[in-house]
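Trainee: The letter at position 155 of the sequence shown is residue 154 when you use our numbering, and the numbering goes up by one with no holes. We treat Cβ as the ideally placed atom computed from N, Cα and C, and that holds for glycine. Every value quoted in this text rests on a predicted model; they were computed, and no experiment measured them. Got a structure for you, written out below as structure tokens; questions coming shortly.
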Amino acid sequence: MKILVVGSGGREHALIKGILKNPAVTEIYALPGNGGIAKEPKVTCVPIGAEEVLAVDVFAGSVEGLELAVIGPDDPLAMGLADLLRKRGIPCFGPSMDGARLESSKVFAKEFMQRHNIPTARFSVFSSVEKALSHVKQAPLPLVVKADGLAKGKGVVVAKTRKTAMAAVLDSLENKVFGKSGERILIEECLEGPEVSVLAFCDGKTLIPMVSSMDHKAALNGDEGPNTGGMGVVAPNPFYDEKIAAICWDTIFKPTLEGLQKEGISYQGCLYFGLMLTKDGPKVIEYNCRFGDPEAQAVLPLLQSDLLSVLMATAQGKLSEATVSFAKQASCCVVLASKGYPGKLENQGAVILVPEEKPGVIAYHAGTKLEKDGLTARGGRVLGITAVADTLEQAVSKAYAAVPDYLFYEAHYRTDIGKTALAYLTASREGEE
Ligand code: AMP
Ligand code: GLY
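This is how it looks when you write it as structure tokens:
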């Protein structure tokens, strides 16, 4: 089987490693892939960027017998890549442009939730600077200001002061720092509570949630510093117990699926629910129309079923016939980033020496490049070191025990991935005694 995978991050490496477990795979084309992906067997990296959707489409059309395309990142989905590929008759894991609006327009997502009574933070939408500023002057603090469109994860400001909220309004609406994406903004009430990511396979008729996870978005320990794409993940997320999962099914997952159906939105791919467990119950912070990164690097290693079969069943609208089961184990992914991330790139070109793989530890590559003398760091998030073990405690220690083997010049990583989750587990155990 020939498969095409679009994207170049740790998420795509995790997808490719999962797909390769199926012996029927003969060839994977990674567009554009990265240094680690290039070293995988059966993989050919093709230097076409994920956002060059027309070129991706033409390439896909040139591959004879291509059986599945898997689209990793949000941008090509928002640009309609899945629609182009489906028009060629290529089964595609990734929603249509229509479905991708759940992520590409936060205003669309909020209005969708409102139409289908899905719990979320209260919000107002603005495109006028004056109206937005006068709202900020009287609304209770803290406030969350969000650019409507995709902004590479930088479009959200949680403002504790009016000054910060006003600056965020001006940045987006007046200074246009997010370009078109920020021509409309949302101003939301600020919710409080633990955050949970739940990824789900969805073929438009069936929705199957995967094991839950907890991302660590801030750059520095203790959730300090700027927001990043994610500095590490643990799965499952201990805050998300069976009782909460059942509430989420009734109030969030099922109404979302039904909402998509009622609105005639076709959705074959991963639907990501960013949730906050508030004292008034779970609420949706955001939808993403793809696997989270690094969430995929912690969740996919726990999948016991054959990933390729599940992706294929989702793409073909036959998810109800697929088996999806997860190991009753835990995982921890620690991201090693370049110094300066998420700001400017500082140590591009640092040499990465990748040791022999150890059992239960996987190094997913993101910002790496394969050069003739070996692997180098390309900047941003470079590697994701994931460990799987029977308990979360073991997974966290195993991941951190492996980290020194992968360090490159001026690597930056958080040393507290899993700390909140473990503290919660300890406190709940003590509560039970
Ligand atoms: P988003 O890009 O929508 O995921 O937002 C980035 C982060 O901002 C989320 O992971 C939350 O930590 C935070 N956030 C977004 N919206 C809210 C909200 N209404 N209340 C509290 N925190 C929020
Ligand atoms: N880790 C968060 C995201 O992928 O959006």
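Compare the C-alpha of S433 against each of K338, A321, C332 and name the closest.
Mentor: A query on residue 433 cannot be resolved here, the shown segment of the chain reaching from 0 to 432 and no further.
Trainee: From what residue to what residue does the beta strand (DSSP E) around Y271 run?
Mentor: Sequence index remark: in the sequence shown, residue 271 carries index 272 (1-based). From DSSP, the beta strand (DSSP E) with Y271 extends over 268 to 277.
Trainee: Hey, how far is the Cα of L391 from the Cα of S171?
Mentor: Counting from one through the sequence shown, the residue named residue 391 turns up at place 392. Counting from one through the sequence shown, the residue named residue 171 turns up at place 172. Approximately 40 Å between the Cα atoms of the pair.
Trainee: Is the number of C-beta pairs between the segment 210 to 228 and the segment 411 to 431 that are closer than 8 Å three or more?
Mentor: A contact exists between the segment 210 to 228 and the segment 411 to 431.
Trainee: Any contact between the segment 72 to 82 and the segment 95 to 110? By contact I mean 3 or more CB pairs, one from each, below 8 Å.
Mentor: Yes, the segment 72 to 82 is in contact with the segment 95 to 110.
Trainee: What does the alpha-carbon distance come out to for the pair S180 and A146?
Mentor: Taking the sequence shown and counting its residues from 1, one reaches residue 180 at position 181. Taking the sequence shown and counting its residues from 1, one reaches residue 146 at position 147. C-alpha separation (whole angstroms): 6 Å.
Trainee: Counting beta carbon pairs with one atom in the segment 228 to 248 and one in the segment 267 to 284, are three or more of them shorter than 8 Å?
Mentor: Verdict: yes, contact present.
Trainee: Return yes when at least one heavy atom of the ligand AMP lies under 7 Å from the C-beta of I251, else no.
Mentor: Translated into the one-based positions of the sequence shown, residue 251 becomes position 252. No.
Trainee: Closest to G373 by CA distance: which of L30, K1, A37, M0 is it?
Mentor: Locating residue 373 in the sequence shown gives position 374, counting from the first residue. Checked all of L30, K1, A37, M0; the closest Cα to G373 is A37.
Trainee: Taking A59 as the reference, which of P235, V232, P139, V4 has the closest Cα?
Mentor: On the sequence shown, position 60 is the one that residue 59 refers to. For the residues P235, V232, P139, V4, the minimum Cα distance to A59 belongs to V4.
Trainee: Suppose only complete runs of 3+ residues qualify. What are the beta strand (DSSP E) ranges in the segment 34 to 98, listed by chain order?
Mentor: DSSP runs (the beta strand (DSSP E)) wholly in the segment 34 to 98: 42 to 44, 65 to 70.
Trainee: Where does A23 land, buried or exposed, given buried means 16+ other C-beta within 10 angstroms?
Mentor: Here residue 23 is taken as the residue at index 24 of the sequence shown, counted from 1. By the neighbour-count rule (16 or more Cβ atoms within 10 Å), A23 is not buried but exposed.
Trainee: Can you list, in chain order, the stretches of the beta strand (DSSP E) that have 3 or more residues and sit fully within the segment 224 to 307?
Mentor: Qualifying beta strand (DSSP E) stretches, in chain order: 231 to 234, 268 to 277, 280 to 287.
Trainee: Less than 7 Å separating the Cβ of P94 from some heavy atom of the ligand GLY?
Mentor: If you number the sequence shown from 1, residue 94 lands on position 95. False, no ligand heavy atom lies under 7 Å from that Cβ.
Trainee: Enumerate in chain order the residues of its own chain whose CB-to-CB distance from T277 is below 8 Å, with the five nearest sequence positions on each side excluded.
Mentor: As a first step, residue 277 must be located in the sequence shown, where it is residue number 278. Closer than 8 Å at the Cβ level, and outside the excluded window around T277, lie L190, E191, G192.
Trainee: Taking a cut-off of 5 Å, which residues have a beta-carbon closer than that to any heavy atom of the ligand GLY, in chain order?
Mentor: Per the Cβ criterion, the list is D214, G229, G291, D292.
Trainee: Tell me which same chain residues have a C-beta within less than 8 Å of the C-beta of V155, skipping the five on either side of it?
Mentor: In the sequence shown, residue 155 corresponds to position 156, counting from 1. Answer for V155: V143, V144, K145, A146, N226, listed in chain order.
Trainee: Take the Cβ of D389 as the centre, count every other Cβ of all protein chains shown within 10 Å, and call the residue buried at 16 or more, exposed below.
Mentor: The count along the sequence shown starts at 1 and reaches residue 389 at position 390. Label assigned to D389: exposed.
Trainee: Considering A386, what are the terminal residues of the beta strand (DSSP E) in which it resides?
Mentor: For the purposes of this step, residue 386 is taken as the residue at position 387 of the sequence shown. Residues 380 to 388.
Trainee: Tell me whether K216, by its Cβ, gets closer than 7 Å to a heavy atom of the ligand AMP.
Mentor: By one-based count along the sequence shown, residue 216 stands at place 217. Yes, Cβ of K216 sits closer than 7 Å to a heavy atom of the ligand AMP.
Trainee: For A400, is the classification buried or exposed, using 16 other Cβ atoms within 10 angstroms of its Cβ as the cut-off for buried?
Mentor: Along the sequence shown, one-based indexing puts residue 400 at 401. With fewer than 16 other Cβ atoms within 10 Å, it is exposed.
Trainee: Nearer than 7 Å: is that true of the beta carbon of N226 relative to any heavy atom of the ligand AMP?
Mentor: As a working mapping, residue 226 is identified with position 227 in the sequence shown. Yes - the ligand AMP has a heavy atom lying nearer than 7 Å to the Cβ of N226.
Trainee: Can you name the start and end residues of the alpha helix (DSSP H) that H115 belongs to?
Mentor: In the sequence shown, residue 115 corresponds to position 116, counting from 1. Segment: none, H115 is in no alpha helix (DSSP H) and carries neither H nor E.
Trainee: What residue does the beta strand (DSSP E) around T367 start on, and which one ends it?
Mentor: By one-based count along the sequence shown, residue 367 stands at place 368. T367 -> beta strand (DSSP E) spans 367 to 370.
Trainee: Using a Cβ-based criterion (distance less than 7 Å to any ligand heavy atom), does C269 qualify as near the ligand AMP?
Mentor: On the sequence shown, position 270 is the one that residue 269 refers to. Flag unset: Cβ of C269 not near the ligand AMP.
Trainee: Between which two residues does the beta strand (DSSP E) holding E429 run?
Mentor: As a position in the sequence shown, residue 429 is number 430, starting the count at 1. Premise fails: E429 lies in the alpha helix (DSSP H), 418 to 431, not in any beta strand (DSSP E).
Trainee: For G316, which residues in the same chain have their Cβ closer than 6 Å to its Cβ, ignoring the five residues on either side in sequence?
Mentor: Translated into the one-based positions of the sequence shown, residue 316 becomes position 317. Within the same chain, G316 has close Cβ partners D202.
Trainee: Can you tell which of R85, T163, P237, P31 has its C-alpha closest to the C-alpha of C427?
Mentor: Here residue 427 corresponds to residue number 428 of the sequence shown, with the count starting at 1. Before going further, note that residue 427 is Ser rather than Cys in the sequence given. Checking every option, the nearest Cα to that of S427 belongs to P237.
Trainee: How many angstroms separate the CA atom of G366 from the CA atom of F290?
Mentor: Here residue 366 refers to the residue found at position 367 of the sequence shown. Here residue 290 refers to the residue found at position 291 of the sequence shown. One C-alpha to the other measures close to 18 Å.
Trainee: Is the beta carbon of C331 within less than 7 Å of some heavy atom of the ligand AMP?
Mentor: Numbered from its first residue, the sequence shown carries residue 331 at position 332. Because no heavy atom of the ligand AMP lies under 7 Å away, the Cβ of C331 does not count as near it: no.
Trainee: Any beta-carbon of chain B closer than 8 Å to the one on D222?
Mentor: This model lacks chain B altogether; it includes just one protein chain.
Trainee: Closest to V350 by C-alpha separation, out of S337, E356, K343, would be which residue?
Mentor: One-based indexing of the sequence shown puts residue 350 at position 351. Taking only the C-alpha atoms, the option nearest V350 is S337.
Trainee: Check P208 in the structure and name its three-state DSSP category.
Mentor: In the sequence shown, counting from the first residue as 1, residue 208 sits at position 209. In the structure shown, P208 sits in a strand (DSSP, three-state: E or B).
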